[in-house]
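Residue numbers (UniProt numbering): 1 to 241.
What follows is a short report on a single structure.
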C-alpha cells in the first residue's frame, strides 16, 4: 500500500481516543488500544475505513457514529514509493482485460493444445487459470457473509483482498516472511482447496509474517488468505478444519 501524501491512517474512537486493532485481521477479534503504534495503520484512508467495516464498525464505506479516521506521518519510509505490490486496481483491471482479449484471440490454438495434451498418457494436470479464479473469488466475496457482521463486504474491501491475493509473494517479501520466494506469486495460482491449504497454514504459522504484517501495513493478506481458503472450500465441497 502506498501512503497518501506521506501519511498513514487508522480508525480512532472519538470519545476516548482509542485506536482499532485486530490481532488476526479477520474481523473476529477487534480491540481498542490506547497506544497509537499498536493500532492497525494503512496507506490510505479508504483502506482504514474498509478495515473498520471488516471488523463490524462500518457499512458501505461509512464509519459507525463516534469513529473517525486518524492520520500521522508515514512511519515506514521505504514504503512511501509505489512498487509492484502497490499496483493500482485500475491498472490491474486493464491487465485483466488485456489478458482476456488475448485469451479469446488464441482460444482455438489453446483448445488444440489441450486436446493434444489429453491424448497423451500420464500427462500433467492442467494448471489453474488465475484470472478466471480471481474473477470467481471476487464475485463470491461480494456476496459471502463477513466473518463478524454476517453481511457481505463492500466492494472496496473485496477489491483490497483481491489485490493482496494477487501479490501474495510480494507481500510476504515486505514482511520478511520465510515463505517469500517459496510460494507462487499469487494465491490465485493455487486452484484448489487441497493445493492452497498447506500454503495458508504455513503463512499463518510463520512467526516473522505474523510479527511484521502489522507494522509494515500488510494486514490484509492475513484476512485475504482466510477468505480465499473459505472460497476454495465451498467451491470444492471441502470441509474447513
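For each residue, glycine too, the CB sits at the ideal point set by N, CA and C.
Strand pairing of residue i, partner residues [DSSP]
i: residue 11; result: 69
i: residue 51; result: Answer is none; residue 51 lacks a bridge partner.
i: residue 58; result: 63
i: residue 209; result: Answer is none; residue 209 lacks a bridge partner.
i: residue 31; result: 21
i: residue 145; result: 152
i: residue 42; result: 9
Option in the options with minimal Cα separation from residue i
i: residue 67; options: 48, 33, 11; result: 11
i: residue 232; options: 202, 194, 163, 44; result: 194
i: residue 138; options: 43, 155, 149, 55; result: 155
i: residue 130; options: 146, 163, 59, 234; result: 163
i: residue 220; options: 15, 13, 166; result: 166
i: residue 157; options: 36, 69, 50, 37; result: 50
i: residue 228; options: 211, 171, 199; result: 199
i: residue 178; options: 151, 59, 202; result: 202
i: residue 55; options: 133, 145, 134, 132; result: 145
Residue i to residue j span [Cα, whole Å]
i: residue 61; j: residue 53; result: 7 angstroms
i: residue 161; j: residue 23; result: 17 angstroms
i: residue 33; j: residue 188; result: 34 angstroms
i: residue 44; j: residue 72; result: 11 angstroms
i: residue 174; j: residue 236; result: 31 angstroms
i: residue 205; j: residue 7; result: 31 angstroms
i: residue 121; j: residue 182; result: With a pLDDT of only 39 at residue 121, under 50, the local geometry of the prediction cannot be trusted, and the value read off the model is given with reservation. Each residue's Cα considered, the two are about 30 angstroms apart.
i: residue 190; j: residue 169; result: 13 angstroms
i: residue 35; j: residue 14; result: 14 angstroms
i: residue 47; j: residue 180; result: 24 angstroms
i: residue 65; j: residue 18; result: 14 angstroms
i: residue 136; j: residue 16; result: 42 angstroms
i: residue 70; j: residue 37; result: 12 angstroms
i: residue 39; j: residue 211; result: 14 angstroms
i: residue 57; j: residue 223; result: 16 angstroms
i: residue 150; j: residue 9; result: 25 angstroms
i: residue 238; j: residue 230; result: 9 angstroms
i: residue 29; j: residue 226; result: 14 angstroms
i: residue 234; j: residue 209; result: 26 angstroms
i: residue 184; j: residue 59; result: 33 angstroms
i: residue 176; j: residue 207; result: 10 angstroms
i: residue 152; j: residue 196; result: 23 angstroms
i: residue 31; j: residue 63; result: 16 angstroms
Unbroken alpha helix (DSSP H) run spanning residue i, endpoints
i: residue 193; result: 193 to 205
i: residue 131; result: 130 to 141
i: residue 170; result: 168 to 175
Endpoints, the beta strand (DSSP E) within which residue i is located
i: residue 153; result: Neither: residue 153 is in no beta strand (DSSP E) and is coded neither H nor E.
i: residue 20; result: 19 to 22
Any non-hydrogen atom of the ligand FMN within 8 angstroms of residue i CB
i: residue 13; result: This structure lacks the ligand FMN, and indeed carries no ligand of any kind.
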